[in-house]
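Following my numbering, the numbering of the sequence shown begins with 2 at its first residue and continues without gaps. Read the structure below first, then the notes.
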Amino acid sequence: MKHHLAGTQKDVGACKSVSDKLRQEMWDIVVTSKEKRRKEDEDDDDDCENVGFKRKINDEVGDGSNTFSKKRATNQSTINSMYKKSLREDACLAISRYYFNNAIAFNTARSEEFRIMCDLIAKHGPGFKPPSYHEIRVKYLKQEVESTERIVNEHRSEWKKTGCTIMSDEDFENKIPIHGVTIPNGRKITTYIYSRPSLIPLLHHFTDGKDLVRPGMTRFATAYLTLGCLYENKGGLIRMFTSEEWKTNKHSKIKDGKVVEEIVLDKDFWKSIVICLKGALPLIEVLRLVDSDEHPAMGFLYEAMDRAKEKIQAAFQNVKKSYRPLWSVIDLRWNKQLHRPLHAAGYYLNPRMHYSPGFKVDYEVKQGVYDCLRRMVADIEEQARIDVQLQDFKKRQKLFGSPLAQKTFDKLSPADWWDSYGDEHPDLQKLAIRVLSLTCSSSGCERNWSAFEMVHTKRRNRMKQKTMNDVVFVMTNSKLAKKKKARRSNPLKLEYLSSDDEWIMEDVGEDPKGDEVAAGNNSTDVPTQNGEEEAAANVQPEHEEELDVTNLDEGDEDEDQELEDYDFSIDNYVLDV
């Protein structure tokens, strides 16, 4: 109590309501008692020092200070710091052992939940009792499901007005043979170098500090943006693998090193990158549009896919046997999985598309509009009213044809435009806003995004269906929320990639330690933990028709010219990151 009233901060906080007079009295009592104990063990010289010490303390009290001498405070701080450092080492070692013994991926230490967990345990202090198996599996899972449900319910009220649809993905990297060869070869270069720390300074020396991996928000984007990054550093890589530094390096004398060197010095590899990028970059632009949940893409996706196919055709100079295999893959995915009446209806009801000079309506579009109408509007009378109201929209009559409406259809979002100018046609307005407010997402092809596969492992395959569904529900919605938040944060950087990313670390089948040991070096290289086989190297192509490469120019300058319109910056191919 004396220390509390005196404000010494010893084992208790200072009282904020005590008067200055009482604080001074308590301070004198504390100091007097302290001095008395000290004098019993000290000689006369020490007594003199204590007088000065007491005077110094009293002076500090008169100035309003609640601490002892700076020297004593510094010593105490140093002791506390050393003690806390030792405690932290013990705690970190225990956490690391938990990771090691339970085969937990190291990159999970970067998660926000991990940091929050550690903070809350530290705040609890000694004696924290961890949750039991049953509490995690039942009690807290139920609480998290209910919490997630509340968040989802906040959006459900909007779905009645704006609608809701499922996620989509866009990925064809394994469907064309040349892509299935080029991507693994590019991956061999990056994983070989980044799995051997001694080679990274050598790489940066010849690439002027540039890295080879360009991370995107999806596997598809990462694969092709990284191929583009490799192509940007083509000269530096060739100089590196023909330099004396490489020739005298131990890695150049080992099988894996020779394989990577052969890939880099192979002209056909660089030509193959050009071919792959010609077909992939237009689709990455579509992914950029699709992945914008801040800007609903439903009204633009139909047209965007057509334009992507046209760009691919133009990139291959209209040579059918060069672009047709790519078109086949796109059409296969589009027609069987992605193309829905909603896309056609979004295209038709989007004023930016409908009122553009190149707008065209074929049977497929009309069929999609009326299919969508039948599915989204149950009342046949309301369907008929909407069909009649469509005529005014098509002919720009009434408010649709007003000067302001025609001036703003390419400035407002499609849903906002309908909200502003569709009041005379309430039934059609309601349908249009529902369709045009829908967002799409490429989340299905993001790295490590298979929530079901992560939950349904061999070690956990006895989990009840209900429990498994709850875990997947919580995990998926949590990732969606984080993804939306990430779009507003800084651009992706190389260090943000997971430690087991497929473009950084070698696959389990490749042994980065093998050639290190052969060279007499105890390497610390670690293969990926998840053990997944690389799909690009193992999936049998569905289309055996090979791309025609005869129209590709031979010279390096011509190859550079072919890609001059593309910038492989992540900022250009991932929206709002």
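We treat Cβ as the ideally placed atom computed from N, Cα and C, and that holds for glycine.
Setting aside the 5 residues that flank it on each side, S82 has no residue in the same chain whose C-beta is closer than 7 Å to its C-beta.
When only Cα atoms are considered, G128 and F115 end up about 20 Å apart. Approximately 6 Å separates the beta-carbon atoms of I179 and I276; this is inside 8 Å, confirming the contact. The three-state reading of DSSP puts I96 in helix, counting H, G and I together. Secondary structure note for L439: it is in no alpha helix (DSSP H), with a DSSP letter that is neither H nor E. The beta carbon of L204 sits closer than 6 Å to the beta carbons of I194 from its chain, once the five residues preceding and following it are set aside; these are given in chain order. Burial check for S323: the Cβ neighbour count within 10 Å reaches 16 or more, so the residue is buried. With fewer than 16 other Cβ atoms from the protein chains shown falling within 10 Å of its own Cβ, D209 counts as exposed. The continuous alpha helix (DSSP H) containing P342 extends over residues P342 to L350. Per DSSP, G258 is one residue of the alpha helix (DSSP H) stretching across K256 to V265. Within the same chain, I264 and F270 come within 7 Å of N186 by CB-CB distance, once the 5 residues on both sides are set aside. A direct Cα-Cα distance of roughly 37 Å separates D363 from G229. Closest by C-alpha distance to L278, out of T223, P415 and A104, is T223. For L121 and L288, the gap between their C-alpha atoms comes out near 39 Å.
Contact holds between the region 347-354 and the region 412-419, because three or more Cβ pairs, one in each stretch, are under 8 Å apart. Excluding residues up to 5 positions away in sequence, P326 lie with their Cβ nearer than 6 Å to the Cβ of I177 in the same chain. Straight-line measurement puts the Cα of S112 at about 26 Å from the Cα of I201.
Residue state for I285 is assigned as helix, using DSSP reduced to three classes.
By the neighbour-count definition (other C-beta atoms within 10 Å, threshold 16), Y100 is an exposed residue. Check the Cα spacing between G236 and each of K367, K268, K256 and L226: the tightest is with K268.
Looking at L439, Q398 and S438, the one whose alpha-carbon comes closest to that of H426 is Q398.
Excluding sequence positions up to five before and after S253, its CB lies within less than 6 Å of the CB of W247, all in the same chain and listed in chain order. In this structure, DSSP gives P132 a state outside helix and strand, which the three-state scheme calls coil. Between P342 and D372, the C-beta spacing is below 8 Å. Contact annotation: I387 and L432 have beta-carbon atoms nearer than 8 Å.
Our two residues, A316 and P283, have alpha carbons roughly 10 Å apart in a direct line.
In the DSSP assignment, P415 falls within the unbroken alpha helix (DSSP H) covering P415 to Y422. Per the C-alpha coordinates, the member of G359, P358, K367 and L333 positioned closest to Y349 is K367.
DSSP places G236 within a helical segment (H, G or I) once states are collapsed to three. Within the same chain, Cβ atoms closer than 7 Å to the Cβ of D428 are found at E383, R386, I387 and Q390, the five residues on either side in sequence being excluded. Looking at the backbone, the Cα of N250 and that of K259 are separated by about 11 Å. Judged by beta-carbon spacing, G347 lies beyond the 8 Å limit of V214, meaning their Cβ atoms are not closer than that value.
Judged by DSSP in its simplified three-state form, K86 adopts helix. When the Cα atoms are used, Y134 and N103 turn out to be separated by approximately 15 Å.
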